[in-house]
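Chains as they are written, first to last, in the numbering used here: chain Y, 1 to 222; chain Z, 1 to 158. To keep things clear, I will list the structure first and then write my remarks on it.
Structure, rendered in structure tokens:
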């Protein structure tokens, strides 16, 4: 039979160990809590920054000089050969064929090609049928924008000076002048070729668009 | 009663295809598989009677007015391709597995040739990726249908 004092010592030791580990866990939990708190503070700050960005962009979209309509994207073309969109504004809202459609201020997305009572179809720069003239970079090298999943810039003169990330602006007569289309992502220059090609990148994903802006009262040359 | 249940199963698959197609739900790397084509050509293989197949096509067109109302032209083209495939089915191998895969390949190319011929040459890698994707989904469909019918006919779980 084990003496009582040994049993008591054993219990005491167990309690001490228990307290020690419990406290350790408490400290670990406190550390975790502090980390969560700092992560939360970071998220709050990030959230504030994002709110400011949204506000700035909203302010930018105050197109005072150009009247515009806001429309929600109803439906996206379900197959791969096209990237046209259906938006919730039609002739009841005064929409007309040919009106330019933007993703944000000065960011060209496409133009209206079909109008129904409450909806319209937008042909975007990602549609394979899209063709428009553009200028590239500060020196304004001319090119033809050919739509597609990855839009291309074609018929660029070999004398033209273009670099990666050069801005591409629309100079098509059926669209407002100098709308931003995207940036040069790759220049395809072959020594033997008489004309160059380039690839275009945009800041947005056309599959993620929820809202677009239609410039109204625009009469371009078709 | 059995025919009605079969028809309801087809309607379920058509609606599922429409919902997934419209929302780009199975889109991989920006490539959306042609699920409506899979359902229609699945019907070409599964339906033995022309009348049953025509009912299936009619149901697809009718349901498209609800689920894909803006792209009716595309659905009509797919339906027409399905009818054409049914008429020319005898010219195929006679093996359901190979016939389905051949129809998926020809159907995908045929669809784009009619709807936008330029696309066939504009982006060959995207066409190839979609063909592969459609065929893989076709294989999965065959696998699932085989298990289902094997169980239904024999009562033995595979």
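A virtual CB, placed ideally from N, CA and C, is assigned to each residue, including glycine.
DSSP three-state assignment for residue 10 (chain Z), whether helix, strand or coil: As a first step, residue 10 (chain Z) is located in the second chain; it is residue number 10 there, counting from the start. Looking at residue 10 (chain Z) - three-state DSSP - the assignment turns out to be helix.
- request: With distances taken Cα to Cα, identify the nearest neighbour of residue 164 (chain Y) among Y:117, Y:172, Y:202, Y:179.
  value: Position 164 of the first chain, counted from the first residue, corresponds to residue 164 (chain Y). Residue 164 (chain Y) has its Cα closest to that of Y:202, out of Y:117, Y:172, Y:202, Y:179.
- request: Can you give me the start and stop residues for the beta strand (DSSP E) that residue 77 (chain Y) sits inside?
  value: Counting from 1 along the first chain, the entry for residue 77 (chain Y) is found at position 77. Segment: none, residue 77 (chain Y) is in no beta strand (DSSP E) and carries neither H nor E.
field: Any C-beta of chain Y under 8 angstroms from that of residue 114 (chain Z)
entry: By 1-based counting over the second chain, the position of residue 114 (chain Z) is 114. False, the Cβ-Cβ gap to chain Y never drops below 8 angstroms.
- prompt: Does the beta carbon of residue 30 (chain Z) sit closer than 8 angstroms to a beta carbon anywhere in chain Y?
  reply: To locate residue 30 (chain Z), count along the second chain from 1; it is residue 30. Yes, contact with chain Y.
Host alpha helix (DSSP H) of residue 98 (chain Z) (start-end): Translated into the one-based positions of the second chain, residue 98 (chain Z) becomes position 98. Per DSSP, residue 98 (chain Z) belongs to the alpha helix (DSSP H) from 96-115.
Counted within 10 angstroms of its Cβ, other Cβ atoms place residue 131 (chain Y) as buried (16 or more) or exposed: Here residue 131 (chain Y) refers to the residue found at position 131 when the first chain is read from its first residue. Per the 10 Å Cβ criterion, exposed.
- request: Can you say whether residue 158 (chain Z) is buried or exposed, counting buried as having 16 or more other CB atoms within 10 angstroms of its CB?
  value: By 1-based counting over the second chain, the position of residue 158 (chain Z) is 158. Bear in mind that the predicted position of residue 158 (chain Z) carries a pLDDT of just 46, short of 50, making it too unreliable to give a figure here.
query: Which residues does DSSP pair with residue 213 (chain Y) in a beta bridge?
result: The count along the first chain starts at 1 and reaches residue 213 (chain Y) at position 213. Looking at the DSSP assignment, residue 213 (chain Y) forms a beta bridge with Y:70, Y:102.
task: Give the residues of chain Z in contact with residue 148 (chain Y), contact being defined as C-beta atoms less than 7 angstroms apart.
output: Here residue 148 (chain Y) refers to the residue found at position 148 of the first chain. Per Cβ cutoff of 7 angstroms: 122, 123.
query: Which residues of chain Y have a Cβ atom closer than 7 angstroms to the Cβ of residue 169 (chain Z), listed in chain order?
result: The structure shown does not extend to residue 169 (chain Z), since chain Z spans only 1 to 158, so no value can be given for it.
task: With a 10 Å radius around its C-beta and 16 neighbouring C-beta atoms as the bar for buried, classify residue 37 (chain Y) as buried or exposed.
output: Your numbering for residue 37 (chain Y) matches position 37 in the first chain. Burial call: exposed.
query: From residue 45 (chain Z) to residue 74 (chain Z), what does the alpha carbon distance come to, in whole angstroms?
result: Taking the first residue of the second chain as position 1, residue 45 (chain Z) is located at position 45. Taking the first residue of the second chain as position 1, residue 74 (chain Z) is located at position 74. Cα to Cα, the separation comes out at about 21 angstroms.
- request: Output, in chain order, the set of chain Y residues within a Cβ distance shorter than 8 angstroms of residue 10 (chain Z).
  value: For the purposes of this step, residue 10 (chain Z) is taken as residue 10 along the second chain, with counting starting at 1. Neighbours of residue 10 (chain Z) on chain Y: none; closest Cβ ~20 angstroms, over 8 angstroms.
message: Assess contact between the segment 110-120 of chain Z and the segment 87-95 of chain Z, defined as three or more Cβ pairs (one per stretch) separated by less than 8 angstroms. Is contact present?
response: no
Reduced DSSP secondary structure (H/G/I, E/B, other) of residue 142 (chain Y): To locate residue 142 (chain Y), count along the first chain from 1; it is residue 142. If DSSP states are grouped into helix, strand and coil, residue 142 (chain Y) belongs with the strands.
task: For the segment 109-119 of chain Y and the segment 154-168 of chain Y, state whether three or more C-beta atom pairs, one from each stretch, are separated by less than 8 angstroms.
output: no
Per DSSP, cross-strand counterpart(s) of residue 122 (chain Y): Here residue 122 (chain Y) refers to the residue found at position 122 of the first chain. Y:85, Y:112.
Contact set between residue 132 (chain Y) and chain Z, taken where Cβ atoms lie within less than 7 angstroms: Numbered from its first residue, the first chain carries residue 132 (chain Y) at position 132. The premise fails here: residue 132 (chain Y) is roughly 16 angstroms from chain Z at the closest Cβ pair, so nothing lies under 7 angstroms.
message: Strictly below 7 angstroms CB to CB, what residues from chain Y border residue 34 (chain Z)?
response: Numbered from 1 along the second chain, position 34 holds the residue referred to as residue 34 (chain Z). Here the neighbours are 79.
- prompt: Taking residue 37 (chain Z) as the reference, which of Z:92, Z:76, Z:48, Z:23 has the closest Cα?
  reply: As a first step, residue 37 (chain Z) is located in the second chain; it is residue number 37 there, counting from the start. Of the candidates Z:92, Z:76, Z:48, Z:23, the one whose C-alpha sits nearest the C-alpha of residue 37 (chain Z) is Z:76.
task: Just the chain Z side, please: which residues come within less than 9 angstroms of residue 76 (chain Y) by C-beta, in chain order?
output: Taking the first chain and counting its residues from 1, one reaches residue 76 (chain Y) at position 76. In chain order: 22, 23, 24.
message: Under 8 angstroms, with one C-beta from each stretch per pair, do the segment 92-112 of chain Y and the segment 201-218 of chain Y reach the 3-pair mark?
response: yes
CA-to-CA distance, residue 219 (chain Y) to residue 169 (chain Y), given in whole angstroms: Locating residue 169 (chain Y) in the first chain gives position 169, where the first residue counts as 1. Locating residue 219 (chain Y) in the first chain gives position 219, where the first residue counts as 1. Computed Cα separation, rounded: 19 angstroms.
- prompt: Could you give the residue range of the beta strand (DSSP E) that holds residue 172 (chain Y)?
  reply: The sequence position of residue 172 (chain Y) within the first chain is 172, counting from 1. Careful: residue 172 (chain Y) lies outside any beta strand (DSSP E) and carries neither H nor E.
query: Got a sec, what are the start and stop residues for the alpha helix (DSSP H) residue 73 (chain Z) sits in?
result: Position 73 of the second chain holds residue 73 (chain Z). Start and end: 72-87.
query: Just to confirm, are residue 85 (chain Y) and residue 175 (chain Y) a CB contact at a threshold of 8 angstroms?
result: Here residue 85 (chain Y) refers to the residue found at position 85 of the first chain. Here residue 175 (chain Y) refers to the residue found at position 175 of the first chain. No.
field: Among Z:147, Z:110, Z:131, nearest to residue 28 (chain Z) - alpha-carbon criterion
entry: Walking along the second chain from the start, residue 28 (chain Z) turns up at place 28. Answer by Cα proximity: Z:131.
query: How about residue 127 (chain Y) and residue 87 (chain Y): do their beta carbons lie closer than 8 angstroms?
result: Taking the first chain and counting its residues from 1, the one referred to as residue 127 (chain Y) is at position 127. Taking the first chain and counting its residues from 1, the one referred to as residue 87 (chain Y) is at position 87. No, these two residues do not count as a Cβ contact at 8 angstroms.
query: How about residue 59 (chain Z): is its C-beta nearer than 8 angstroms to some C-beta of chain Y?
result: Looking up residue 59 (chain Z) in the second chain gives position 59. Judged by the 8 angstroms Cβ criterion, residue 59 (chain Z) is not in contact with chain Y.
field: residue 227 (chain Z) and residue 93 (chain Z) closer than 8 angstroms at C-beta
entry: The requested residue 227 (chain Z) does not occur in the structure, where chain Z is confined to residues 1 to 158.
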